[in-house]
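The next block holds one structure in the form of structure tokens; read it before the comments.
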Amino acid sequence: MACRPGELQGFTYPLSSARLGNQLYVEDSWLQACGQTNISCKMVKGKLVEVGKWPWQASILFLGMYICSGSLIHHQWILTAAHCLQRSTDPKQYSVRVGVQRLPENGTQLLVTRIVIHEGFNNLISQDVALLKLRDPVSWSPLIQPVCLPSTNFKPSIGTMCWVIGWGLTDTQGCLGAGEAPGALCVAAPTDPGAPCAPSGTGPSGKPRLHRLVSTIRPQTFTIRWPDPVSKVTVDFVPTCGVSYEQDPTLRDPEAMARRWPWMVSVQANGTHICAGTLIASQWVLTVAHCLIQRDVVYSVRAGSPWIDQMVQTTSDVPVSQVIVNSKFQSRRYWSWIGQDNDIALLKLEGALKYSKYIGPICLPGLDYVMKDQSLCTVTGWGRPRADGVWPQFRTIQEKEVTVVNSTECDSVYHRFSKIPSLVRIINSQMICAEDLDREQFCYETSGEPLACPVESTWYLVGMVSWGPGCKKSKPPPIYLQISSYQHWIWERVTGQALPAPPRALFLVLPLPLSLLTVL
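Going by UniProt numbering, 3 is the number at position 3 of the sequence shown; the sequence numbering is gapless.
Here is the structure:
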């Protein structure tokens, strides 16, 4: 949050030596001036800010993906919120961009050598502050300047105008909503300019969250009013995953479908579609293992296209540099179509995809997340025709709402259909059974199609089509691999580290780079 220096009492420039926390000292020659912009401050509701207006604004990246905002306070120091850095304690996995107007096209990217989290941070709201030390000092320019720090006894006067600046999408006011490009830096005003601090909202877990420091939030401009002792101040986070860019369900043209499901990708072998995949990070795709058993083929991924067999302007074709199949994958335990265990694989792309309204990652569910019976979710893919065929009838993305079926009941149906002894469990805890009413109209036979469930407009990858008996309605429903059962495996393969276990994790928002965000 930034305020006009001329309106503040007790404002001070950085000191020559400042103590930060109990052990960290910053000793360096500080700039003689700070908080300077080259363009006059002007509230432009929901519009792009001018270049150089917020030169201290920093973009914090984890494994190359934007996760939070920060403020440049020194040649080598970035101030941010502590909860943004819970993903890993390894500074090498973080980087910072300064001088940024749009994500991720421009700016200067800098490496991080040290992370300092306030010793009083308790994963909730207390002392939610942290520092990042940059490996190399930044050079001041019209686009890169530090923000001033207030004195210890500073308190904004009631009625002081301040700004919260960041990147992202707002429901009615943000830059993206006004038709601007994704990743644009923007400022916006709340619906009620006299609101206590910011409009009510939710954290990335889908649960309300109380904050003392504003960070990684939707851009807002507001007038300060101090909340009374019983007030709750909540802010909205910009989702870094699970964002659908087409909310109108009546629009079903190919481009609208691509915007609605931007994580949907086609996994191809020698240029031919073989399975569906799901984008979980700019360089990582999740799919099913049984699609990758071919040898002497060149795998690639097609993203940003609703078409299975043609390129469009929004399409990106990226070769696969690494195929990681679960070592415990076991196919065809019984019949040729029954019981594939650990049917999961990761594809690492040669280059990172650029996010847009047509390309974006989905969120991953938490370790303990279990689908409730009768939950309504959506499966997307290219599907197969009613008659048997070698190529999907639908060459553009299709969607279908399905209902989660009780696993015990589903297991009983499979036993009756297959005549496998009842003592043998067919549907285990790593599988999800989901039924739809129009399976004969079109169904998913190519496998790997994502089963996505919404939580307050944020989409989570709950399952992937793994196996099933076919498209006839008289047959048992298809079986999906349950993603939450493989979070440890996914995390370890992508980061090379063991997955930490945050307390009370209902949803671990893992947009990969995996964001571990806890719920209050």
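For each residue, glycine too, the CB sits at the ideal point set by N, CA and C.
Since this is a predicted model, take the numbers as computed values, not measurements.
Check, Outcome
"Relative to the C-alpha of Glu492, which residue among Trp77, Cys68, Ser88 and Leu72 is closest?", "Ser88"
"According to DSSP, simplified to helix, strand and coil, what is Gln482?", "strand"
"If I measure Cβ to Cβ from Tyr369 and keep anything under 6 Å in the same chain, skipping five residues before and after, which residues do I get?", "Ser484"
"With a CB to CB cut of under 6 Å and the five nearest residues on each side skipped, what residues in its chain are close to Leu451?", "Cys377, Val379, Val462, Gly463 and Tyr480"
"Check each candidate in Val297, Ser305, Pro254 and Ser282 and name the one with the smallest Cα separation from Ala276.", "Ser305"
"Is Gln487 helix, strand or coil by DSSP?", "helix"
"Under the rule that 16 or more other beta-carbon atoms within 10 Å means buried, what is Ser429, buried or exposed?", "exposed"
"Would you check if the distance between the CB atom of Pro137 and the CB atom of Ile115 is smaller than 9 Å?", "no"
"Let me check understanding here. Comparing Cα to Cα, which of Val288, Gln310, Ala281 and Ala269 lies closest to Ser300?", "Ala269"
"Looking at the strands, I want to know which residues DSSP matches up with Pro319.", "Ser300"
"Helix or strand or just coil, what does DSSP make of Pro365?", "coil"
"Tell me whether Thr408 is buried or exposed, calling it buried when 16 or more other Cβ atoms sit within 10 Å of its Cβ.", "exposed"
"In its own chain, which residues sit with a C-beta less than 7 Å from the C-beta of Val323, not counting the 5 before and 5 after it?", "Leu292, Tyr299, Ala345 and Leu347"
"Return the Cβ separation of Ser71 and Val147 in integer angstroms, given the expectation that the two are a contact with Cβ distance under 8 Å.", "5 Å"
"Can you give me the C-alpha to C-alpha distance between Trp77 and Ser139, rounded to a whole angstrom?", "12 Å"
"Is Gly360 closer than 9 Å to Val243 when the C-beta atoms are compared?", "yes"
"Hey, how far is the Cα of Val265 from the Cα of Phe154?", "51 Å"
"Quick one, which of Glu350, Gly351 and Ser327 has its alpha-carbon nearest Gln340's?", "Ser327"
"Starting from the C-beta of Glu350, find all residues in its chain whose C-beta is less than 8 Å away, skip the five residues before and the five after it, and write them out in chain order.", "Val318, Pro319, Val320 and Ser321"
"Identify which residue in Gly52, Ile60, Gly64 and Pro55 has its Cα closest to the Cα of Val494.", "Gly64"
"Output needed for Asp436: all residues of its chain with C-beta closer than 6 Å, excluding positions within five of it in sequence on either side, in chain order.", "Lys400 and Val402"
"Please report the straight-line C-alpha distance between Arg295 and Ser331, rounded to a whole angstrom.", "17 Å"
"Work out the CA separation of Ile144 and Trp382 for me, nearest whole Å.", "47 Å"
"To which residues does DSSP link Tyr355 through a beta bridge?", "For Tyr355, which the question treats as bridged, DSSP gives no partner whatsoever."
"Assign Cys291 to one of three DSSP states: helix, strand, or coil.", "helix"
"Using three-state DSSP, classify Met257 as helix, strand or coil.", "helix"
"Could you check if Ala82 is buried or exposed, using at least 16 other CB atoms within 10 Å of its CB as the buried criterion?", "buried"
"Compute the distance between the beta-carbons of Ser59 and Val98, then report whether it is under 9 Å.", "yes"
"Please name the residue in Gln487, Gln109, Trp489 and Ser466 whose C-alpha comes closest to that of Ala289.", "Ser466"
"Going by the beta-carbon positions, is the gap between Ala281 and Tyr358 smaller than 9 Å?", "no"
"Going by DSSP, name the residue or residues bridged to Pro156.", "Pro156 is not bridged to any residue."
"Ends of the beta strand (DSSP E) at Val273?", "The residue asked about is misnamed: residue 273 is His in this sequence, not Val. From DSSP, the beta strand (DSSP E) with His273 extends over Thr272 to Ala281."
"Could you tell me the distance, in whole angstroms, from the CA atom of Pro454 to the CA atom of Ala258?", "17 Å"
"Relative to the alpha-carbon of His488, which residue among Tyr414, Asp373 and Gly366 has its alpha-carbon at the smallest distance?", "Gly366"
"What's the gap between the Cα of Thr396 and the Cα of Asp253?", "9 Å"
"Report the residue from Pro249, Ser141, Cys34 and His75 whose alpha carbon sits nearest the alpha carbon of Gln398.", "Pro249"
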